[in-house]
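A.B. asks:
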Amino acid sequence: MEVENVYEKEFIPQVKKWGPLLLIIGMPLTFIPAIYVWWAYNIIPSGSQIMAGFGLAVAVLWAVYIVEPISYYPILGMPGVYMMCLAGNISNLRLPCAAVAQETAGVTFGTKEGSIIATLAMSTSMLVSTIIIFLGALGAAVVLNHLPPFVLHAFNYILPAIFGAIFGQFLIKGYLIGIIALALGLFFNYYKVLPDWAVLLVCVFGTILISRILWERGMLGKKSEN
48 MEVENVYEKE
58 FIPQVKKWGP
68 LLLIIGMPLT
78 FIPAIYVWWA
88 YNIIPSGSQI
98 MAGFGLAVAV
108 LWAVYIVEPI
118 SYYPILGMPG
128 VYMMCLAGNI
138 SNLRLPCAAV
148 AQETAGVTFG
158 TKEGSIIATL
168 AMSTSMLVST
178 IIIFLGALGA
188 AVVLNHLPPF
198 VLHAFNYILP
208 AIFGAIFGQF
218 LIKGYLIGII
228 ALALGLFFNY
238 YKVLPDWAVL
248 LVCVFGTILI
258 SRILWERGML
268 GKKSEN
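Numbered as in the working numbering, the sequence shown ends at 273 without a single skipped number.
Structure follows, in structure tokens:
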């Protein structure tokens, strides 16, 4: 009980205080590379080019902005969602680290313990990835130039492999939900009846809705009496 009180009355209030503040601070800092290019090389796009690029990004990614915080919240918790917005590399790095850490620690996602473990895992991944990226930026060009073509081609499958591993990990915990999500994805990928942004929304929220219906009918564990 004391641990829960610390989590609810001390930890979460600090997250709510500093999370939005750090996001506000972080947003203008993302423009530093562009400002440096402008200052050092006198290269800057026109206003129309900036708006065109902004409009294209919003058109392609607006569905992601809605889906990711909702779909990742049960695993990452509130601290993790704030961290993912600052750190990036969510689905291909932060989420797998959090999921594996929760599995290793023997905690359930969606719980206070799971949220804390996810926070620790994401913090560690941010530190480690920053160091690796820094070292990689220094020596990657030299290493890549000496790799055979088939190894370079294999890099194209890193992201699908990560997604497949995550899917398999959660499929073990709830195979019926995994089958529903996979069936929806395959259906809309094959028949192309919806635009890409709509497919993302339908697959995520469709899986949630169908899972809720099955749970109400007692097909996904016992429904709580409360």
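We put the CB at the ideal spot given by N, CA and C, even for glycine.
Bear in mind the structure is a predicted one, so any value in this text is a computation, not a measurement.
#1: Please classify R264 as buried or exposed, where buried requires at least 16 neighbouring CB atoms within 10 angstroms.
#2: Here's a check: name, in chain order, each residue in its chain whose Cβ is nearer than 6 angstroms to the Cβ of Y54, leaving out the five neighbours to either side.
#3: Could you have a look at Q149 and say whether DSSP puts it in helix, strand or coil?
#4: Assuming L142 contacts I122 under a Cβ cut-off of 8 angstroms, what Cβ separation, rounded to an integer in Å, is found between them?
#5: Comparing the C-beta of L108 with each C-beta of chain D, is any distance below 9 angstroms?
#6: The alpha helix (DSSP H) that contains G66, what's its start and end?
#7: Below 8 angstroms on the Cβ atoms is my guess for M131 versus Y119; work out the distance and round it to an integer in Å.
#8: From V154 to E51, what distance separates their C-alpha atoms?
#9: Looking only at its own chain, which residues have a Cβ that is under 8 angstroms from the Cβ of L248, when we skip the five neighbours before and after it?
#10: Could you give the DSSP three-state label for G100: helix, strand or coil?
#11: Whole-angstrom Cβ separation of Q149 and A134, contact assumed at under 8 angstroms?
#12: Could you round the C-beta distance between W85 and I79 to whole angstroms and report it? I think they count as a contact, below 8 angstroms.
#13: Looking at C-alpha atoms only, which residue of K220, G124, L108, Y88 is the closest neighbour of W244?
#14: Would the segment 225-233 count as touching the segment 252-261 if we require 3 or more Cβ pairs under 8 angstroms?
C.D. replies: The answer reads as follows:
#1: Position 217 of the sequence shown, counting from 1, holds the residue named residue 264. Exposed, because fewer than 16 other Cβ atoms sit within 10 Å of the Cβ of R264.
#2: Taking the sequence shown and counting its residues from 1, one reaches residue 54 at position 7. These residues qualify, in order along the chain: K159.
#3: Within the sequence shown, numbered from 1, the residue matching residue 149 stands at position 102. Looking at Q149 - three-state DSSP - the assignment turns out to be helix.
#4: In the sequence shown, counting from the first residue as 1, residue 142 sits at position 95. In the sequence shown, counting from the first residue as 1, residue 122 sits at position 75. That belief holds up - the Cβ atoms of L142 and I122 are roughly 7 angstroms apart, short of 8 angstroms.
#5: No chain D appears in this structure, which consists of one protein chain only.
#6: Within the sequence shown, residue 66 is the residue found at index 19, counting from 1. Looking at the DSSP string, the run of the alpha helix (DSSP H) that includes G66 is 59-76.
#7: Counting from 1 along the sequence shown, the entry for residue 131 is found at position 84. Counting from 1 along the sequence shown, the entry for residue 119 is found at position 72. Confirmed, about 7 angstroms.
#8: As a first step, residue 154 is located in the sequence shown; it is residue number 107 there, counting from the start. As a first step, residue 51 is located in the sequence shown; it is residue number 4 there, counting from the start. Rounded to the nearest angstrom, the two C-alpha atoms are 15 angstroms apart.
#9: Position 201 of the sequence shown, counted from the first residue, corresponds to residue 248. Contacts found: A110, I113, V114.
#10: Numbered from its first residue, the sequence shown carries residue 100 at position 53. Reduced to three states, the DSSP call for G100 is helix.
#11: Numbered from its first residue, the sequence shown carries residue 149 at position 102. Numbered from its first residue, the sequence shown carries residue 134 at position 87. So it is not a contact: roughly 18 angstroms between Cβ atoms.
#12: Residue numbering aside, residue 85 sits at position 38 when the sequence shown is read from its first letter. Residue numbering aside, residue 79 sits at position 32 when the sequence shown is read from its first letter. That pair is no contact at about 11 angstroms.
#13: Residue 244 sits at position 197 when you count from the first residue of the sequence shown. Comparing Cα positions, the closest option is L108.
#14: Three or more beta-carbon pairs separated by less than 8 angstroms link the segment 225-233 to the segment 252-261, which places the two stretches in contact.
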